[in-house]
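Line by line, the protein sequences give chains C and D.
Take the first sequence: its position 142, counted from the start at 1, is 142 in our numbering, and no numbers get skipped.
Take the second sequence: its position 14, counted from the start at 1, is 1014 in our numbering, and no numbers get skipped.
All C-beta atoms, glycine included, are put in the ideal place defined by N, C-alpha and C.
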Amino acid sequence: MDELIIEPGRIERQYWTDLWRYRELFYFLAWRDLLVRYKQTVIGIAWALLRPLLVMLVFTVVFRRIAKLPSEGTAPYAVLVFAGMLPWQFVASSLTESSTSLISNVNLVSKIYFPRLIVPASSIITSFVDFLISFAILLVLMLWYRSVPSWHLLLLPAFIALAVLLAIGVGVWLCALNVKYRDFRYVVPFIVQFGLYVSPVGFSSSVVPPKWRLLYSLNPVVGIIDGFRWALIPGRVGLYWPGVACSVGLTTLLLFIGIWYFRKTERVFADII
Amino acid sequence: MSNSIIETEKLGKKYRLRHSGAGHGYVTLREAIVNGLKRMSRPMHSPVPASEDFWALNDLSFRVVLGETVAIIGRNGAGKSTLLKILSRITEPTVGRVRLKGRVSSLLEVGTGFHPELTGRENIYLNGTILGMTKKEVDRKFDAIVDFAGVDRFIDTPVKHFSSGMQVRLAFAVAAHLEPEILIIDEVLAVGDAVFQKKCLGKMQDVAADGRTVLFVSHDLAAVEKLCSRAILLDAGRCRADGPTKETIAHYQAAIVEAGSVDLNTRKDRRGAGLVKFSRIQILDEHFREPGVFLSGKPLRVRMHYLATGSKPLENCRVSLTFNGWGKTYFAASTELVSDDCLNLSPEGYIDCVIDELPLSLGTYYLGPFIEVNGEVQDWLDSAATLQVEDGNFYGTGRDYPKGGAGATVLVKHRWQTPQENPIAVETRDR
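As structure tokens, then:
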């Protein structure tokens, strides 16, 4: 029979083994979120298809037709927008989902024990499935335009991983802040909205003057979007490597801060939620 | 540690009580920023302690051996929920340690984690996992669970279309098939009808008879006595008594009586001018005794002792008494509501509030006395005494208000009529 000891600081010490032990709960929470998401909305998956297409349409018209910004490589502007929107949409919806995840699972948190990190982490899965659906659309779009990516495509998984890590890092941070400061939920939509404007979603980041480029890369999403475009768009697309390095560094930092803050607040979640 | 299955050693849990921003544990960002700025603008100001420590559990040690059914009893705020939270690892203790042998499952609230949009089948898997089963275990027990709940025809219907009774049955069925070594039950009996409660009790007895350990927390002393061989009485976070259920319950009832009449002279949390102050509140039954526990439907007399600073008679007084729960007032009794006469009181003495039929159901209530002299508030306390109510024969039918039923607490006498019994009403409607 297993023996379990409860004493101050104990949960702290076996946190990561517990996280592994409770992996099945992680799958089930993600599975529940997915089921609910595609059941609740009548149009379900159609919504996941429609949203990126509409955004792509608007951005292409605004930035290409009205602002007359240049594309990258040989890609049609629509592909450029879509390749940028893919990671952005994923990060943005992950932040929104995970920031409210603990509050909306309050009856679980106050009633049973499990490593709380499971909740915001599993909420990201829903966004990731949406991401995969959007990705399929992009593939169709690229087939349509007959734009075949080069060997760069092999590095795409690395950029996807970077986007996931960024989403987890910032997501769990916002999640913890949301539990601690209950009015923080008004801040999250603002962050997401603001992020859209300061990220090169509707345009190529090559339009940013070179001397501002490094400063611009302080937004970790910039490096990820650039990487996505570099991996997906054929032709002579340059990748601003200092930007990517910046993004990797910042993502790592945010991941550490996010998890550290979450773990610090986690001990009192059940008492304050 | 031989065959003991739960062992706690000097367990303690400290909470920090916040004096400002009462009511909730979290702060808002706005408050945090404002407080931060305040502190910055007054760096030399010595900080007023805005919080104080409160030990919800203190130096608690006990052992439970295999196959025992132990009840934890005590008043609200005695530390019962805190103990359960620690045992189910929702919060960590501040000091001390607990050793548990075997899997712990807590039935803190039936239906935790049910999602209304998901079907019965999906919810069984989800809830099973949440309560600590693996998918394989749920697979194995799935048919038995559905069978116990008796919902096989609706198993692929979203739970939101289930009746509340079906939801409770399904949730309990999942929990009942957990087969943990240690089962923690907190007031599950508060839901469902009498038949279902009986079924739950039966299932719990089976669990205990199987040689597993049950920890049972309840206000329902009758259920405790029926189910448990041993009971632990908590008071202010400490163990007051530990032994055979009957003895512990007797201790508990004695302790309630002891706390029944309270000296209020030391209280600081009062409002009003203070020329008259309440000194003591006694809660009496119809024979002017203090039984400690009162029954719904029986007479209740609240004797409010007061003392004025001067020796002049108090003219034009208004006295009232509120019956409160946590954060809300259920009803108030007031002299001005029931009398037109001007109320004059002697400078020292008591005034009784007499209620012929106590209209409250099972629970703990707090009495808030109030006195006003010549339009000026003199004394006002939120909670000057605790009133313990047990279900009695309020409606004259011998039936209690269903536990946990919506609208429990205040009981109101009422009648029902059908058109046949009231022909005049039928006529007017027909015209």
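As the crow flies, the alpha-carbon of Y1252 of chain D is around 18 angstroms from that of D1391 of chain D. Per DSSP, reduced to three states, the secondary structure at C246 of chain C is helical.
Of all residues in the stretch 19-52 of chain C, only E24, L25, F28, R32, L35, V36, K39 and Q40 come within less than 7 angstroms of chain D when Cβ atoms are compared, listed by chain position.
Residues of chain C with a Cβ closer than 7 angstroms to the Cβ of V1095 of chain D are, in chain order, P8. Setting aside the 5 residues that flank it on each side, K1160 of chain D is surrounded in the same chain by P1116, each with a C-beta closer than 6 angstroms to its C-beta; the list follows chain order. Contact between F26 of chain C and I118 of chain C holds, since their C-beta atoms are separated by about 5 angstroms, short of 8 angstroms. Straight-line spacing of the CA atoms in Y1125 of chain D and L253 of chain C works out to 37 angstroms. Residue environment: P1244 of chain D is assigned as exposed (fewer than 16 neighbouring CB atoms within 10 Å of its CB, all protein chains considered). With contact defined as three or more Cβ pairs closer than 8 angstroms, the stretch 1100-1107 of chain D and the stretch 1145-1165 of chain D are not in contact. Going by C-alpha positions, F131 of chain C is about 25 angstroms away from W241 of chain C.
Here DSSP, grouped into helix, strand and coil, assigns R1230 of chain D to strand.
Nearest neighbour of L1381 of chain D by Cα position, chosen from D:I1371, D:Q1388, D:V1389 and D:G1375, turns out to be D:I1371.
Chain order gives the chain D residues near S110 of chain C as I1090, where near means a beta carbon separation below 8 angstroms. For T1082 of chain D, the enclosing alpha helix (DSSP H) begins and ends at K1080 to L1087.
Cβ neighbours of V1065 of chain D within its own chain (closer than 7 angstroms, five residues either side excluded): N1003, S1004 and I1005.
In the structure shown, C1239 of chain D falls within a strand segment according to DSSP collapsed to helix, strand and coil.
Contacts with chain C at 8 angstroms (Cβ-Cβ) include L1126 of chain D. Between the alpha carbons of R182 of chain C and R1030 of chain D lies a distance of about 10 angstroms. Listed in chain order, the positions of the stretch 96-120 of chain C with a beta carbon within less than 9 angstroms of a beta carbon of chain D are N105, N107, L108, V109, S110, K111, I112, Y113 and F114.
Counting of Cβ neighbours within 10 angstroms places Q1420 of chain D among the exposed residues, the total staying below 16.
Beta-bridge analysis with DSSP links I233 of chain C to no other residue. When only Cα atoms are considered, R23 of chain C and I124 of chain C end up about 15 angstroms apart.
In terms of CA proximity to S205 of chain C, C:S71 leads the group C:D33, C:A92 and C:S71. Under the three-state reduction of DSSP output, Q1282 of chain D falls in the strand class. Between the stretch 1307-1321 of chain D and the stretch 1335-1345 of chain D, the count of C-beta pairs closer than 8 angstroms reaches three or more; the two stretches touch. Annotated three-state conformation of V148 of chain C is coil, per DSSP. By the criterion of at least three beta-carbon pairs nearer than 8 angstroms, the stretch 1223-1243 of chain D is in contact with the stretch 1069-1083 of chain D. Looking at the backbone, the Cα of L156 of chain C and that of K1013 of chain D are separated by about 50 angstroms. In the DSSP assignment, V1070 of chain D falls within the beta strand (DSSP E) that extends over T1069 to I1073. Taking 8 angstroms as the cut-off, the Cβ atoms of L108 of chain C and I1086 of chain D do not count as close. Within chain C, the C-beta atoms nearer than 7 angstroms to that of I1086 of chain D come from I6, in chain order. Under the Cβ criterion (8 angstroms, minimum of three pairs), the stretch 163-179 of chain C counts as touching the stretch 244-262 of chain C. Taking a 10 Å sphere around the C-beta of E3 of chain C, we find fewer than 16 other C-beta atoms and assign the residue as exposed. Ranking C:G243, C:G227 and C:R13 by CA distance to the CA of L215 of chain C puts C:G243 first.
In the same chain as F1148 of chain D, and ignoring 5 residues on each side of it, the C-beta atoms closer than 6 angstroms to its own belong to A1173, in chain order. Residue C:V222 holds the alpha-carbon nearest to the alpha-carbon of P200 of chain C among C:A67, C:V222 and C:Y145.
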